[in-house]
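Data first, discussion second: the structure below is written as structure tokens.
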Amino acid sequence: MAALGARGSAAAPARLSRVVRALWGWRARRGLGQDAGAADEGEAARPAFADEAVQTLLRRMTGLDLQKVFRPVKTELKPPKYKLMTEAQLEEATRKAIEEAKEKLIMPPVLNEREPIDDVLAEDKFLEGTETTKYVFTDLTYSIPHRERFIVVREPNGVLRKATWEERDRMIQIFFPKEGRRVIPPVVFKDEHLVTVFQQDRHEDILNRCIAQFEPDSPDYIRVHHRTYDDIEKHAKYDLLRSTRHFGGMVWYLVNRKKTDGLLTDMIHRDLLDDATSLITLYHMLHPECQSAKEAKERKLQGVDLIKVFVKTESQKEGYIQLALEAYEEAMATSTAS
Amino acid sequence: ALLAGSRLLKGYRGGHVVIRFALGGCTNRPFFRIVAAHSRRARDGKYLEQLGCLDPLPNAHGERVAGLNLERLRHWLGCGAQLSRPAEKLLGLAGFLPLHPMTVTGAERLRRRAREVAAPPAAGSSGAGDAP
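Protein chains in written order, with my numbering: chain A, 1 to 338; chain B, 339 to 470.
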């Protein structure tokens with residue numbers, strides 16, 4: 001039963017990295033990380049979202065609650081199946097469940113917003129007035145990747161230009177439909193309707209739908225994700241995303257914008273000290289010039305001391321975090337005493 | 339079913355492969371498939387391969403959607419297929435082939451007709467043709 005709660009157990013990292021490369025391979029390259037909200041930090045040594053160290057920290061913070069990862073998805077009702085297993089078989093089954101859970105928790109990539117396309121291939125001004133609507137031509141060759149597909153538009157004024165990203169996504173969905181994606185993006189992704197979704201606490205569902213509908217570097221994807229993270233941070237609903245594949249992205253967003261106080265408080269309340277230290281380590285990796293990073297490096301702090309130094313120097317809501325730390329220490333003291 | 343008088347295996351005398359539009363759809367709703375077929379076949383009959391499609395009616399975003407399988411198109415053109423005039427015009431508009439001369443001529447004629455309607459030839463000014 002101890003295996004159920006174990007995080008970071010010995011799984012095959014080689015197989016996972018192969019899966020990651022197959023799914024998001026061409027995107028998980030260095031240098032494609034998302035900018036910090038504020039100023040630019042150092043250039044060459046700046047850790048990106050896809051770095052191994054960063055990913056390890058984020059994965060550790062995401063946690064591996066099997067009950068939540070494999071909670072029932074709304075499919076048709078079937079009566080539960082019971083199996084009689086020995087201890088060894090149970091361990092084997094748990095190990096396999098942990099591996100599958102790790103695959104489900106692979107984080108979607110975090111990319112910069114894509115540059116708009118405006119490339120004119122030909123100008124034939126004498127065609128003006130012959131047609132009233134534009135033509136969109138899509139290359140249907142099966143073996144070329146979607147990013148390299150030729151999609152051109154012939155406007156009524158005779159200009160032959162490359163299609164914009166929205167037109168490209170629409171055409172590719174028409175001719176090569178992907179499951180879970182609609183040709184015209186659903187209305188639920190507009191800001192006024194996202195509010196309703198957030199009130200029903202369905203952040204994870206909307207993020208899953210967003211991943212199915214948009215490309216990771218499209219402005220809509222980034223906007224929906226940022227709204228979701230902002231709402232979670234405003235209402236401190238961090239637990240909704242814990243043990244899902246979106247937790248890493250949320251932590252990355254918050255650390256880049258230095259809004260980590262609420263998350264830190266939440267972790268200390270739930271007695272997740274390791275996660276708190278991982279969060280602060282990540283913060284120091286991303287902002288190495290801040291004071292607590294320098295202090296931590298020269299004094300080589302670990303654990304609770306690291307958190308205390310961080311709270312004193314960097315956080316805005318010092319009071320709350322101090323209270324939470326004191327409550328935690330009291331709880332530890334009483335539990336060890338009793 | 340190779341019975342005597344079977345209609346399934348049609349052998350033609352002469353004819354060549356053409357790339358042309360096959361009309362489909364319903365009443366008041368045309369839809370063209372860009373198709374490589376024998377020239378002697380019916381317009382909507384059995385074809386060798388479908389190379390794309392064209393929807394002549396504009397969609398909700400005001401665009402006429404066309405798909406072209408350029409790789410297979412190149413293959414059939416390499417095998418010596420010919421093109422029908424609308425197919426040539428469409429490929430010219432797409433940029434795959436150079437613009438068809440009739441497209442240019444059509445545009446010029448349209449403009450001349452529009453000019454004649456707008457400014458009736460009272461003044462004897464010579465209408466200089468547009469040189470593209």
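Every residue gets a Cβ at the ideal spot worked out from N, C-alpha and C, and that includes glycine.
- When secondary structure is reduced to three states using DSSP, Asp305 (chain A) falls in the helix class.
- Nearest Cα to Phe189 (chain A) within the set A:Phe214, A:Leu272, A:Ser143: A:Phe214.
- In the DSSP assignment, Tyr135 (chain A) falls within the unbroken beta strand (DSSP E) covering 134 to 139.
- Between the C-alpha atoms of Ala88 (chain A) and Ile98 (chain A) there is a straight-line separation of about 15 Å.
- Residue B:Tyr385 holds the alpha-carbon nearest to the alpha-carbon of Leu347 (chain B) among B:Pro424, B:Tyr385, B:Leu415.
- Annotated as distal: Met267 (chain A) and Ala53 (chain A), with beta-carbon spacing of 8 Å or more.
- DSSP places Leu406 (chain B) within a strand segment (E or B) once states are collapsed to three.
- Leu325 (chain A) sits buried, since 16 or more C-beta atoms from the chains shown fall within 10 Å of its C-beta.
- Residues of the segment 384 to 416 of chain B whose Cβ lies closer than 7 Å to any Cβ of chain A, in chain order: Gly390, Pro396, Gly400, Glu401, Arg402, Val403, Ala404, Gly405, Leu406, Asn407, Leu408, Glu409.
- Under the 8 Å criterion on CB atoms, Arg181 (chain A) is classed as non-interfacial with respect to chain B.
- In terms of beta-carbon proximity, Gly363 (chain B) stays away from the interface with chain A, with every pair separated by 8 Å or more.
- In this chain, the alpha helix (DSSP H) harbouring Lys297 (chain A) covers 291 to 299.
- Nearest C-alpha to Val356 (chain B) among B:Arg367, B:Asn397, B:Leu389: B:Leu389.
- When the Cα atoms are used, Gly353 (chain B) and Met440 (chain B) turn out to be separated by approximately 25 Å.
- With a cut-off of 8 Å on Cβ pairs, the segment 128 to 141 of chain A is not in contact with the segment 239 to 247 of chain A, counting fewer than three such pairs.
- Around the CB of Phe370 (chain B), 16 or more other CB atoms lie within 10 Å, so the residue is classed as buried.
- In this structure the segment 258 to 267 of chain A touches the segment 309 to 321 of chain A; the number of beta carbon pairs closer than 8 Å is three or more.
- Counted as a single uninterrupted DSSP element, the alpha helix (DSSP H) harbouring Glu233 (chain A) occupies residues 219 to 235.
- DSSP places Gly248 (chain A) in the uninterrupted alpha helix (DSSP H) bounded by 247 to 256.
- If you look at Arg453 (chain B), you'll find it isn't in any beta strand (DSSP E); it sits in the alpha helix (DSSP H) that goes 439 to 456.
- Spanning the alpha carbons of Val304 (chain A) and Leu273 (chain A) requires a straight line of approximately 8 Å.
- Under the DSSP assignment, Ala50 (chain A) falls outside any beta strand (DSSP E); it carries neither an H nor an E label.
- Contact check between the segment 396 to 413 of chain B and the segment 134 to 143 of chain A: three or more CB pairs, one atom from each, fall below 8 Å, which counts as touching.
- With a threshold of 8 Å between beta carbons, Leu431 (chain B) makes contact with chain A.
- Under the Cβ distance rule, Leu435 (chain B) does not count among the residues neighbouring chain A, no pair being separated by less than 8 Å.
- Thr441 (chain B) belongs to the set of residues whose beta carbon lies under 8 Å from a beta carbon in chain A.
- Taking each of A:Thr164, A:Val136, A:Lys81, A:Asp169 in turn and checking the Cα distance to Pro145 (chain A), the smallest one comes out for A:Asp169.
- Arg154 (chain A) is positioned such that its CB atom lies closer than 8 Å to that of Leu431 (chain B).
- A direct Cα-Cα distance of roughly 35 Å separates Met85 (chain A) from Gln55 (chain A).
- Taking the Cβ atoms as the reference, Ala122 (chain A) lies roughly 6 Å from Gly433 (chain B), within the contact range of under 8 Å.
- Under the criterion of beta carbons closer than 8 Å, His246 (chain A) and Glu204 (chain A) qualify as touching, at roughly 7 Å.
- Pairing Val224 (chain A) with Arg161 (chain A) gives a Cβ-Cβ distance that is not under 8 Å.
- Proximity of Arg449 (chain B) to chain A, defined by a Cβ-Cβ separation below 8 Å, is satisfied.
- Sequence-distant partners of Pro219 (chain A) (beyond 5 residues in either direction) whose C-beta falls short of 6 Å from its own C-beta, in its chain, are Glu113.
- A straight line joining the alpha-carbon of Gln199 (chain A) with that of Ala48 (chain A) spans about 32 Å.
- Across the segment 131 to 160 of chain A, CB contacts with chain B closer than 9 Å involve Glu131, Thr132, Thr133, Lys134, Tyr135, Val136, Phe137, Thr138, Asp139, Leu140, Thr141, Tyr142, Ser143, Ile144, Phe150, Val152, Val153, Arg154, Gly158, Leu160, in sequence order along the chain.
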